[in-house]
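Student:
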Amino acid sequence: MPDFRLLDDALEEARRLGASGAEAFYQRGTGLTVKVFDGAVEKFTHSEGEGLGLRVWKGDSNGRSYTSDLSETAAREAVRAAVEALAVSPEDPHRALPDPSLFPTGSGSGEYLGTDLELVGPDLSRTSNEEKIEFALSMERLAREFDPRVRGVEVAAYSDSVDEVLLANTSGFRAGFRSTECYGYLVAIADGEGDSQTGFGFTAARSFADLDAPAAAEEAAAMAVDLLGARQVPTARVPVIVNNLNTAELLAALAGALSGEAVAKSRSFLAGRLGTGIASERVNLVDDGLMPGGFGSAPFDGEGVASRRTPVIEGGVLSTYLHNCYTASRLGFSTTANAGRASFRASIGVQPTNIRLEPGDADREALRSQMGTGLEVLELQGAHAGLNPVTGEVSLGARGLWIENGRVAHPVREVTIAGTIGEILEGIAGIGSDLRFTPLVGSVGTASVLVEGLTVSGK
Numbered sequence: 006m007p008d009f010r011l012l013d014d015a016l017e018e019a020r021r022l023g024a025s026g027a028e029a030f031y032q033r034g035t036g037l038t039v040k041v042f043d044g045a046v047e048k049f050t051h052s053e054g055e056g057l058g059l060r061v062w063k064g065d066s067n068g069r070s071y072t073s074d075l076s077e078t079a080a081r082e083a084v085r086a087a088v089e090a091l092a093v094s095p096e097d098p099h100r101a102l103p104d105p106s107l108f109p110t111g112s113g114s115g116e117y118l119g120t121d122l123e124l125v126g127p128d129l130s131r132t133s134n135e136e137k138i139e140f141a142l143s144m145e146r147l148a149r150e151f152d153p154r155v156r157g158v159e160v161a162a163y164s165d166s167v168d169e170v171l172l173a174n175t176s177g178f179r180a181g182f183r184s185t186e187c188y189g190y191l192v193a194i195a196d197g198e199g200d201s202q203t204g205f206g207f208t209a210a211r212s213f214a215d216l217d218a219p220a221a222a223e224e225a226a227a228m229a230v231d232l233l234g235a236r237q238v239p240t241a242r243v244p245v246i247v248n249n250l251n252t253a254e255l256l257a258a259l260a261g262a263l264s265g266e267a268v269a270k271s272r273s274f275l276a277g278r279l280g281t282g283i284a285s286e287r288v289n290l291v292d293d294g295l296m297p298g299g300f301g302s303a304p305f306d307g308e309g310v311a312s313r314r315t316p317v318i319e320g321g322v323l324s325t326y327l328h329n330c331y332t333a334s335r336l337g338f339s340t341t342a343n344a345g346r347a348s349f350r351a352s353i354g355v356q357p358t359n360i361r362l363e364p365g366d367a368d369r370e371a372l373r374s375q376m377g378t379g380l381e382v383l384e385l386q387g388a389h390a391g392l393n394p395v396t397g398e399v400s401l402g403a404r405g406l407w408i409e410n411g412r413v414a415h416p417v418r419e420v421t422i423a424g425t426i427g428e429i430l431e432g433i434a435g436i437g438s439d440l441r442f443t444p445l446v447g448s449v450g451t452a453s454v455l456v457e458g459l460t461v462s463g464k
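With the sequence shown counted from 1, adding 5 to any position gets you the numbering used here.
#1: Would you report the Cα separation of L118 and E308, rounded to the nearest angstrom?
#2: Exposed or buried, which one is H415 when buried takes at least 16 other CB atoms within 10 Å?
#3: Are F182 and V170 closer than 8 Å when you measure CB to CB?
#4: Output needed for A222: all residues of its chain with C-beta closer than 7 Å, excluding positions within five of it in sequence on either side, in chain order.
#5: Rounding to the nearest angstrom, what Cα-Cα distance links E1 and L295 in this structure?
#6: Within its chain, find whatever has a CB closer than 7 Å to the CB of R272; leave out the 5 residues flanking it on each side and keep chain order.
#7: Answer with buried or exposed for S352, where buried requires no fewer than 16 other C-beta atoms within 10 angstroms of its C-beta.
#8: With DSSP collapsed to three states, give me the class of F30.
#9: Alpha carbons only, please: which of G424, G261, Q32, F9 is nearest the one belonging to A347?
#10: Mind checking whether L57 and L22 have CB atoms under 8 Å apart?
#11: Using DSSP's beta-bridge definition, name the partner residues of F305.
#12: To the nearest angstrom, how far is it from the Cα of A311 to the Cα of S212?
#13: Between E89 and the rest of its own chain, which residues show a CB-CB distance below 8 Å, the 5 nearest in sequence each way excluded?
#14: Could you check the C-alpha separation between M228 and V39 for me, to the nearest Å?
#15: How would you label M6, buried or exposed, when you count the other beta carbons within 10 angstroms and need 16 or more for buried?
#16: Rounded to a whole number of angstroms, what is the C-alpha to C-alpha distance between Y188 and H328?
#17: Quick one: residues in its chain with C-beta nearer than 6 Å to the C-beta of A19, no 5 flanking neighbours on either side, listed in chain order?
#18: Taking the CB atoms as reference points, tell me whether G379 and V243 lie closer together than 8 Å.
#19: As a quick exercise: from R100, V238, L124, V322, pick the residue whose alpha carbon is nearest that of F300.
#20: Between which two residues does the alpha helix (DSSP H) carrying Y331 extend?
#21: I need the straight-line Cα distance from V350 to S73, nearest angstrom please.
#22: Tell me whether T451 sits in a helix, a strand or coil according to DSSP, three-state version.
#23: Any idea if S405 is buried or exposed, counting beta-carbon neighbours within 10 angstroms, 16 or more meaning buried?
#24: Taking 8 Å as the threshold (beta carbon to beta carbon), is V291 in contact with chain B?
#25: Three or more C-beta pairs closer than 8 Å, one from the stretch 382 to 389 and one from the stretch 363 to 373: is that the case here?
#26: Tell me, please, whether the stretch 317 to 332 touches the stretch 260 to 275 by the rule of three or more beta-carbon pairs shorter than 8 Å.
#27: Tell me which same chain residues have a C-beta within less than 8 Å of the C-beta of A303, skipping the five on either side of it?
#28: Quick one: is N262 buried, meaning 16 or more other Cβ sit within 10 Å of its Cβ, or exposed?
#29: In whole angstroms, what separates the C-alpha of D217 from that of V41?
#30: Taking all protein chains shown into account, decide if D8 is buried (16 or more other Cβ within 10 angstroms of its Cβ) or exposed.
#31: What distance in whole Å lies between the Cβ atoms of Q202 and A235, which are believed to be in contact at a cut-off of 8 Å?
#32: According to DSSP, simplified to helix, strand and coil, what is K270?
#33: Mapping the DSSP letters down to three states, classify S112 as helix, strand or coil.
#34: Nearest by alpha-carbon distance to E286: which of L430, F178, P297 is it?
#35: Go through its chain and collect everything with a Cβ distance to S66's Cβ below 6 Å, but skip five positions before and after it.
#36: Could you check which residue in T460, T340, R412 has the C-alpha nearest to that of A101?
This is the structure:
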């Protein structure tokens, strides 16, 4: 049973100091990371931390503070700092505690919620460090065994985390949840045809038993081998297939543009587009905070609002932006339960939960056949700088396969794909059946997509 004494004391102290409302957010996390190289452990780290984040109100003013020192004295000082911040905080009627009608069932129970969401892998605490090290070593070993051209593995790593969140406020919310997450990844190196190429593979799950080392190793090794002998192609506007892992990069940028916070600040290319067609009618996008086992699932968001499933794009039409209580109030909408907190130190922002592009029914060969001749992207490079959710502009390096008449002709390197996110969305002519979730760029679920035409700049 969770211990709310720290949070209860903080709320009581806030009221004693004159706050009309208060919220206490406790977060505790432990993590482990293993990196191996050439059959030996290169790095082994264990981390843990906890802290308390506080928000207080008096009228329309709001103050905030946090502390990682959870002694009684430090916690009281943090409450006092938040209350003192009220004196210099501008009034803002949109920044308030959520209405209790938005809280989930059991929100005042003082219990852990979300037990039906499969957030905790029960085997993680029983898995020894030796087993976790062996998992990383097995990925490295299996990648080398996949093909004689795989001469090594640049990095193979395993990481996991165990987290606890407790939230209490003066509107009656008093609940928490626990979660686990583990993943492995590797970068394989292949040599041949006078060339050297790398390939990336990963596996992720809530439970250690659900990780798949052979699949991750094969993914990385096969990509490295498939790209051997890559060359540039002439600059042209051609159809492009983007595989599921790289579509996730595009979708993560789109999620940034869907944020009500970005829209309110006029920092989204989708501002003013609500209710209009922004994508091919094939595109259906959902944000689902209640997906069992989802990496972004939780019983409630960062403010205590009950999680939900939200259709975002329906038949190509933008149905809603993603909101927390503040952005919803400011823009005249209802919250979509997307209040996000990066940590107890962070202010509340807008964050997708499990955002996914609904898959189609085409396999890889069917997408290639539909495309005919064009580029199949296996890796997008420079996503942090080359994807702009404010303007929607896209300029990314890419590696992949050149397809002619539906068949692989040769691998491709050193090309740039240019266009806009809107152009990509509107040009989606096919969606694969290979839906895959990745926690690498948030919890994003995507399938491979065929885009009718993008500018590919090569030689």
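Yeah, the Cβ is synthetic: ideal placement off N, Cα and C, and Gly gets one too. These figures come from a predicted structure and were not determined experimentally.
Tutor: According to the data block:
#1: 15 Å
#2: exposed
#3: yes
#4: M144, L147, A148, F151, L191, G206.
#5: Outside the shown range of the chain, which is 6 to 464, sits residue 1, and nothing can be said about it.
#6: V395
#7: exposed
#8: strand
#9: Q32
#10: no
#11: A311
#12: 24 Å
#13: G68
#14: 23 Å
#15: M6 should be labelled exposed.
#16: 29 Å
#17: A27, V61, V84
#18: yes
#19: L124
#20: 330 to 336
#21: One point to set straight first is that residue 350 is Arg, not Val, in the sequence displayed. If I take the Cα positions, the gap works out to 9 Å.
#22: Note: T451 maps to strand in three-state DSSP.
#23: The amino acid at residue 405 is misidentified as Ser; the sequence shows Gly. Label assigned to G405: buried.
#24: This model lacks chain B altogether; it includes just one protein chain.
#25: no
#26: yes
#27: G119, L122, L124, V170, F182, S184, G294, S312, T358
#28: Checking the sequence, you will find Ala at residue 262 rather than Asn. Burial call: buried.
#29: 17 Å
#30: exposed
#31: The Cβ separation is near 7 Å, so the contact holds.
#32: coil
#33: coil
#34: L430
#35: L91, S94, E96
#36: T340
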